[in-house]
Amino acid sequence: MKKFNIRKVLDGLTAASSSSSATAQPGTPRENDVVQETLQSEHFQLCKTVRHGFPYQPSSMAFDPVQKILAIGTQTGALRLFGRAGVECYCQHESNAAVIQLQFLINEGALVSALADDSIHLWNLRQKIPAILHSLKFNRERITYCHLPFQSKWLYIGTERGNIHIVNVESFTLSGYVIMWNKAIELSTKTHPGPVVHISDNPMDEGKLLIGFESGIVVLWDLKCKKADYRYNYDEAIHSVAWHHEGKQFVCSHSDGTLTTWNVRTPAKPAQIITPHGKQPKDGKKPEPCKPILKVEYKTTRAGDPFMVLSGGLSYDTVGRRACLTVMHGKSTAVLEMDYPIVDFLTLCETPYPNDFQEPYAVVVLLEKDLVVIDLGQIGYPIFENPYPLTIHESPVTCCEYFADCPAELIPALYSVGCRQKRQGYSKKEWPISGGNWGQGTQSYPEIIITGHADGSIKFWDASALMLQVLYKLKTAKVFERARGKEEKPNTDIVDEDPFAIQTLSWCPESRMLCVAGVSAHVIVYRFSKQEITTEVVQLLEVRMQCEFSEVDSPDPGGEQTPTLPTPGASSSPQESELPTQPSTGSNSSDGPRDNIPCLQVRSSPLKQSPGNQVELVIQLVWVSGEPPQQITSLAINSSYGLVVFGNSNGLAVVDYLQKTLLFNMGTSELYSPSDPYQRQPRSPRKAKPSGATCDSNDGSNASEDRCRSPTSDARDNSFTRSRSSSVASIDRESREAISSFYFCESFPRKTDSLVSPCLLVGTTHGSVMMVALNLPPSGDQRLQQPVGIASCGTLVKLKGGILTMALLDATGTLLPPFFEQWYDPNASDEEKEKSRKRRPASPPSSQESQDTHFAILCSEKQAKVVALPSQTRIYKHSITETSFVLRADVVQMAGANCIACFCANGHIMTLSLPSLRPLLDVNYLPLTDMRIARTFCFSNLGQALYLTSPTEIQRITYSQETCDNLQEMLSELFTPVETPEAPNRGFFKGLFGGGAQSLDREDLFGETAAGKASRSLAQHIPGPGNMEGMKGAASGVVGELARARIALDERGQKLGELEERTAAMMASAESFSKHAHDMMLKYKDKKWYQL
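Heads up: the sequence shown begins at 12 in my numbering, then just goes up one per residue.
Pasting the structure below:
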């Protein structure tokens, strides 16, 4: 019989929670014993906070030289803005079309983006979350190039047809003034000149526009006279054009690797033709053609020679050479090799005015997977040290963990050991992209993100206050021998590449003990020390985990179990302080099946270990009768007990890392007790053998859902592994029950227990939760000498789907985390060790034998259950999803209470209260999911979560209402009020004789009065979601709206008044002309033609 908790109904229980029911069974808490829960739905709200990392697939870049803000656009329509360290912002175009060009309205707090779908957008950067103010979608022509002159509101748009349209960026309306391609070239060429690839105005004369067409034609267009002044022809296609600041010369880069310099007034031929990377033949012939110079910039200095910076242009015989940036300064030419192909580059200059000496000081180079800033002011052109967290993808991320509210001393400790790892040789100057201000966040708790990578490295990141900074990097591959050549590559690998890749990790922040599992079925235990040591011999333990269905070795599942010793069916071969020797039988398949051979060779030479995480023990699973070991699917470490436990599809093993011994090694089926109602019978009579790596991402569509079953399951996808198993073995492996989750706790292992004792909860991929009792010797010397007793206590409960997470609450609903040992430096003196070494006091033994005092929280891929201990009665149950499955679940602390946070494969993020499992939040966050998100999604305390949204970027989100409310304060500001530098002085003689920059009243040329209206069918104006309040700083609300309406009416009245005055003036002029014409007629009325 079922009864429903009235309190949950009063709390606003939704219809969806009807499956969350309390079952009346002996030992169930009475109504007045139910834990008082404080978490309500209003405590939760889901929103994105910040995105960290390198912009994925970058396509364009722009820089505001006054605000000192850098913008990067991507091929997926994303916009990333960077200022000083810690100032970052992410925006997204709704269309997801590639960003082909960006243009800042310099020092205006606005940005224009042009997309591949032929739309342009105006972004307001004066608000913390930028928004689009206007959009313009071209219907008949494709956008190829944009140019916005400094301090101008008229944007030039070049198209694929070769025409140029002009847009007013204030109203985002098209001008009637159009430069047609046939007018621009007239009869200078018989063919179409191609798309517009460049537009710029003469630095000294805004009325002259330089237009570059792809075919090689350049036109200097007179905007006032509406005609071409000069046309410059060259046989090779043009990629870019750059002006000298005096406006008398410009440089073009071409597809044959040449640079042509033209004098404005001599269009007949270029003043100079050079091929920077071409081999100069001795006979005076033309140099050999080179690769195209994709971009050139020409920057002048007062004190010395100008700089010419270019990308591309290398000779064709440099096959395989990396991309280069060339800096030409005077007679010297520096070729700077880049690690990745160059997407774009910008030369940063002291002045925003194009008609002054540019004084370049740095070059920002946007690469496909990196951002590099080169110092032009120092010899050798060193790079600046990048303060942004752009190295997340240095090696592909394979796993991720998030720890909010860590011990306060942890971040300084990690930083102190990590700062010694920094490279040398950087520029000594400050990072030049220094705009914006940090947010005024109220969150002050420490946050740490740990990322595991395909090359075996682990990075610790400081993620406090919505920022991200790398603290420390650990290279786990140092423990192993590296194959120097292909012939030396060990044939015992179970993965084709990335044998050191991190599969999963377990970290105890309080003790700083770290345990990592790699794809080659290896586990490494690390201690944290501030002192450097040299380890002569790496401590190694080999473990032989056999398939549970092996006909020869498996015992009868119903047989008695030995509590403290490994069973015969899962034998072990611990080798303390001994390096593995590879038997001759394993070196060649013709000599017989490989046996007792690990997949990787631990290094035999002494290991120098820097301050930080230092190797304590290496555990390796070995080959068994010609079959490779199964990859590790779950892992946990407990510093208070000195134990590491790990499991895979063959079973679980418990290792004492203090004594360096294997304590327990048992097949999954043997964990079930003989009388266990949940005991699983073998599904296949065939002799099953363990197979190789995890499923490949190319296994086919049928296996895709199974691969995505659980991030901790055996079927989890790893893009860095390839399966060598047959399809039959794969099916068999899928049916095998793997260990998916562990939880160390102090509770009641058996129903009959009245006192708490150390135990281990074990969850499997088939939904079983088993109890394992631990009998620990007293601390001190006895702990290092006496063995730890271990006994399986059978199944606690069964759930649908694989177990994802487990936790323990006390009778008041307070979370009981695993016990831990406080950190002490293992290399410090004995006195210092004793001072700092403190174990957490054991919980007082419970004397209330008749009443349940603990709640076990269990969450699987399908449902959650709460079981009372020691009675082992289920008191709450909730079905999380019927049609999908949970990918990640964590028990987290939130607003002073606890809850379960779940992320489903259908994109839903949900939270459930504890212990009653009331649904508190259910938001459809991600419409689609992929394995990268499934592998990296993780929740943390205080409403924080994150996942890898692309191979190079981490997206952080919050499910806390309080954080959402404070988000505006916490976010950084991009726009800060800065005075625009003064314009360059024209000088007395230039002013006297008409030299210097010539200004242009573009309003008279491009305004509706002079140019008329543009064709409505050419482009469609779309008002943006962002409003003009942020742009103009007007007050919000009805008063602000009325004020703006009044101002608009005043402006309209003023314009009408001006129009009336202009009409009256035109009428007076017409009357005067009529009078003069009449007088003239009267004067010559009676005269003959010969009298005139």
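Note that beta-carbon positions come from the ideal geometry of N, C-alpha and C, so glycine has one too.
Given a cut-off of 7 Å, decide if S71 and G84 are closer than it, judged by their beta-carbon atoms. Here residue 84 refers to the residue found at position 73 when the sequence shown is read from its first residue. Here residue 71 refers to the residue found at position 60 when the sequence shown is read from its first residue. Against a cut-off of 7 Å, the Cβ pair of S71 and G84 comes out as a contact.
Is it right to say H256 is buried, meaning 16 or more other beta carbons lie within 10 angstroms of its own, or is it exposed? By one-based count along the sequence shown, residue 256 stands at place 245. The residue in question, H256, is buried, as its Cβ has 16 or more Cβ neighbours within 10 Å.
Span separating the alpha-carbon of S1010 from that of E990: The residue labelled residue 1010 in the question sits at position 999 within the sequence shown. The residue labelled residue 990 in the question sits at position 979 within the sequence shown. Rounded to the nearest angstrom, the two C-alpha atoms are 21 Å apart.
Would you list, in sequence order, the uninterrupted beta strand (DSSP E) runs of no fewer than 3 residues that lie entirely inside the segment 625-676? 645-649, 654-659 and 662-667
Would you mind sorting N996 into buried or exposed? The rule is 16 or more other CB atoms within 10 Å of its CB. Here residue 996 refers to the residue found at position 985 of the sequence shown. Exposed: under 16 other Cβ atoms inside 10 Å.
Could you work out which residue in A867, Y399 and Y683 is closest to G97 when comparing CA atoms only? Residue 97 sits at position 86 when you count from the first residue of the sequence shown. Closest option to G97, Cα to Cα, is Y399.
Completely contained alpha helix (DSSP H) runs for the segment 774-818, where each covers 4 or more residues: With a minimum length of 4 residues, the continuous alpha helix (DSSP H) runs that stay inside the segment 774-818 are 792-796.
Rounded to a whole number of angstroms, what is the C-alpha to C-alpha distance between G120 and C526? Against the sequence shown, residue 120 aligns to sequence position 109. Against the sequence shown, residue 526 aligns to sequence position 515. Linking G120 to C526 through their CA atoms gives a straight-line distance of about 48 Å.
For a test of the three-state rule: what should DSSP assign to I304, helix, strand or coil? Mapped onto the sequence shown, residue 304 falls at position 293. Three-state result, I304: strand.
Could you round the C-beta distance between I353 and G324 to whole angstroms and report it? I think they count as a contact, below 8 Å. On the sequence shown, residue 353 is found 342 positions in, with the first residue counted as 1. On the sequence shown, residue 324 is found 313 positions in, with the first residue counted as 1. The pair is not a contact, with the Cβ atoms about 11 Å apart (cut-off 8 Å).
With a cut-off of 8 Å, do at least 3 Cβ pairs link the segment 531-550 to the segment 636-656? yes
I need the DSSP call for R943, collapsed to helix, strand or coil. On the sequence shown, residue 943 is found 932 positions in, with the first residue counted as 1. For R943, the three-state secondary structure derived from DSSP is helix.
When you compare only the Cα positions, how much space is there between P566 and M781? By one-based count along the sequence shown, residue 566 stands at place 555. By one-based count along the sequence shown, residue 781 stands at place 770. Bear in mind that the predicted position of P566 carries a pLDDT of just 36, short of 50, making it unreliable; the figure below should be weighed with that in mind. Distance between the alpha carbons of P566 and M781 is about 20 Å.
With DSSP run on the structure shown, which of helix, strand or coil describes H1089? Mapped onto the sequence shown, residue 1089 falls at position 1078. Three-state result, H1089: helix.
Write down the C-beta distance between G258 and N213 rounded to the nearest angstrom, noting that I regard them as a contact closer than 8 Å. On the sequence shown, position 247 is the one that residue 258 refers to. On the sequence shown, position 202 is the one that residue 213 refers to. That belief holds up - the Cβ atoms of G258 and N213 are roughly 4 Å apart, short of 8 Å.
Proximity to L126 [Cα-Cα], best of Q86, Q138, K139 and V383: Position 115 of the sequence shown, counted from the start, is the residue given in the question as residue 126. For L126, the nearest C-alpha among the options comes from Q86.
How many angstroms separate the CA atom of D1015 from the CA atom of G187? One-based indexing of the sequence shown puts residue 1015 at position 1004. One-based indexing of the sequence shown puts residue 187 at position 176. Taking the straight line from one Cα to the other gives about 12 Å.
Compare the C-alpha of I814 against each of C913, P798, N909 and S768 and name the closest. The sequence position of residue 814 within the sequence shown is 803, counting from 1. Ranked by how close their Cα comes to the Cα of I814, the residues C913, P798, N909 and S768 have C913 in first place.
If we count the other Cβ atoms within 10 Å of its Cβ and call it buried at 16 or more, is T49 buried or exposed? One-based indexing of the sequence shown puts residue 49 at position 38. Looking at its Cβ environment, which holds fewer than 16 other Cβ atoms inside 10 Å, T49 is exposed.
Determine whether the beta carbon atoms of K310 and F318 lie at a separation below 7 Å. As a working mapping, residue 310 is identified with position 299 in the sequence shown. As a working mapping, residue 318 is identified with position 307 in the sequence shown. Result yes, Cβ atoms of K310 and F318 sit closer than 7 Å.
Determine, using beta carbons only, whether H635 and R747 come nearer to each other than 7 Å. For this step, residue 635 is matched to residue 624 along the sequence shown. For this step, residue 747 is matched to residue 736 along the sequence shown. The sequence given here has Val at residue 635, not His. No, the pair does not count as a contact, with Cβ atoms beyond the cut-off.
Applying the criterion that 16 or more other CB atoms from any shown protein chain within 10 Å of the CB defines a buried residue, is L1070 buried or exposed? As a first step, residue 1070 must be located in the sequence shown, where it is residue number 1059. By the neighbour-count rule (16 or more Cβ atoms within 10 Å), L1070 is not buried but exposed.
According to DSSP, is E1019 helix, strand or coil? Working through the sequence shown from its first residue, we reach residue 1019 at position 1008. Here DSSP, grouped into helix, strand and coil, assigns E1019 to helix.
Do the segment 358-368 and the segment 406-413 make contact, defined as three or more Cβ pairs closer than 8 Å? Inter-segment contact for the segment 358-368 and the segment 406-413 is absent: fewer than three beta-carbon pairs are separated by less than 8 Å.
DSSP three-state label for F1084, please. On the sequence shown, position 1073 is the one that residue 1084 refers to. Helix at F1084.
Through-space distance from V230 to T271, alpha-carbon basis: Within the sequence shown, residue 271 is the residue found at index 260, counting from 1. Within the sequence shown, residue 230 is the residue found at index 219, counting from 1. C-alpha separation (whole angstroms): 15 Å.
Under 7 Å Cβ to Cβ from P418, same chain only, skipping five residues before and after it: list those, please. What you label residue 418 is simply residue 407 of the sequence shown in a count that begins at 1. Once the five neighbours on either side are set aside, the close Cβ partners of P418 are P520 and E521.
To test your reading of the DSSP string, which unbroken alpha helix (DSSP H) runs of 4 or more residues are found completely within the segment 86-155? Correct list: empty.
Using only CA atoms, which one of L673, D466, M677 and F414 lies nearest to N661? Taking the first residue of the sequence shown as position 1, residue 661 is located at position 650. Comparing Cα-Cα distances from N661 to each of L673, D466, M677 and F414, the minimum goes to M677.
Would you mind stating whether L113 and A73 have Cβ atoms separated by less than 7 Å? To locate residue 113, count along the sequence shown from 1; it is residue 102. To locate residue 73, count along the sequence shown from 1; it is residue 62. Yes, Cβ-Cβ distance for L113 and A73 is below 7 Å.
Cα-Cα separation, Q432 to E348: As a working note, residue 432 is residue 421 in the sequence shown. As a working note, residue 348 is residue 337 in the sequence shown. Approximately 24 Å between the Cα atoms of the pair.
Using DSSP bridges, identify the partner residues of R885. Reading the sequence shown from its first residue, position 874 is the one you call residue 885. In the DSSP output, where bridge partners are listed per residue, R885 has V878.
Taking the alpha-carbon of I168 as reference, which of V123, K238, K139 and I196 has the nearest alpha-carbon? Position 157 of the sequence shown holds residue 168. Nearest of V123, K238, K139 and I196 to I168, Cα basis: V123.
Assess contact between the segment 799-813 and the segment 824-833, defined as three or more Cβ pairs (one per stretch) separated by less than 8 Å. Is contact present? Counting C-beta pairs with one atom in each stretch, the segment 799-813 and the segment 824-833 have fewer than three that are closer than 8 Å, which means they do not touch.
Of all the alpha helix (DSSP H) runs that stay within the bounds of the segment 155-213, which reach a length of 4 or more residues? 192-196
Chain-order list of residues whose beta-carbon lies under 8 Å from that of R794 (same chain, five-residue window excluded): Position 783 of the sequence shown, counting from 1, holds the residue named residue 794. The answer, listed in chain order, is G653, L669, L787 and P788.
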